[in-house]
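Q: What follows is a structure written as structure tokens; I'll ask about it next.
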Amino acid sequence: MAESHGAGSNAFGRHLLVVSSVPLANWGFDASWVDTAARVTGTVRILQAADVKREYGRGVNDKLFRTFEGQPAIVARSVEKPG
Numbered sequence: 056m057a058e059s060h061g062a063g064s065n066a067f068g069r070h071l072l073v074v075s076s077v078p079l080a081n082w083g084f085d086a087s088w089v090d091t092a093a094r095v096t097g098t099v100r101i102l103q104a105a106d107v108k109r110e111y112g113r114g115v116n117d118k119l120f121r122t123f124e125g126q127p128a129i130v131a132r133s134v135e136k137p138g
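The numbering of the sequence shown is this note's numbering, which starts it at 56 and goes up by one.
Pasting the structure below:
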């Protein structure tokens, strides 16, 4: 499943979706990350849910993806807590 998580304000001035083919738990993502800054490395692209489904071959959160459809998103290579 392509995992995703909304983020806080950023350089785009709004929430930015982070999409990953790796479960976020693999990077240690848990409840302690809520309202915490994260360093995300990846590629920024315009979110097209159909493309994500095709590329990852797995389901996506359709309701969440509809909210971010056509907006910038990060396809994450890594996610870490700074500090």
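By construction, the Cβ of each residue, glycine as well, lies at the ideal position given by its N, Cα and C atoms.
Predicted model only: the values in this text are computed from it and were never measured.
Excluding sequence positions up to five away, which residues of its chain have a Cβ less than 6 angstroms from the Cβ of Ile129?
A: If the five residues before and after Ile129 are omitted, its C-beta is found closer than 6 angstroms to the C-beta atoms of Val73, Val95, Gly97 and Val99, all from its own chain and listed in chain order.
Q: When you compare each of Pro78, Gln103 and Thr91 to Phe123 by their alpha carbons, which one comes out closest?
A: Gln103
Q: How long is the line joining the alpha carbons of Ala80 and Pro127, rounded to whole angstroms?
A: 23 angstroms
Q: Could you name the residues of the same chain whose beta carbon sits closer than 7 angstroms to that of Ala92, not counting the 5 residues immediately before and after it, in chain order?
A: Pro137, listed in sequence order.
Q: Would you mind reading off the limits of the beta strand (DSSP E) that contains Thr96?
A: Arg94 to Ile101
Q: Please list, in chain order, all residues of the same chain as Phe120 whose beta carbon is under 6 angstroms from its beta carbon, the five residues on each side excluded.
A: Ala104.
Q: Secondary structure at Leu71, three-state DSSP: helix, strand or coil?
A: coil
Q: Measure the CB-CB distance between Ser87 and Ala131 and report whether it falls below 8 angstroms.
A: no
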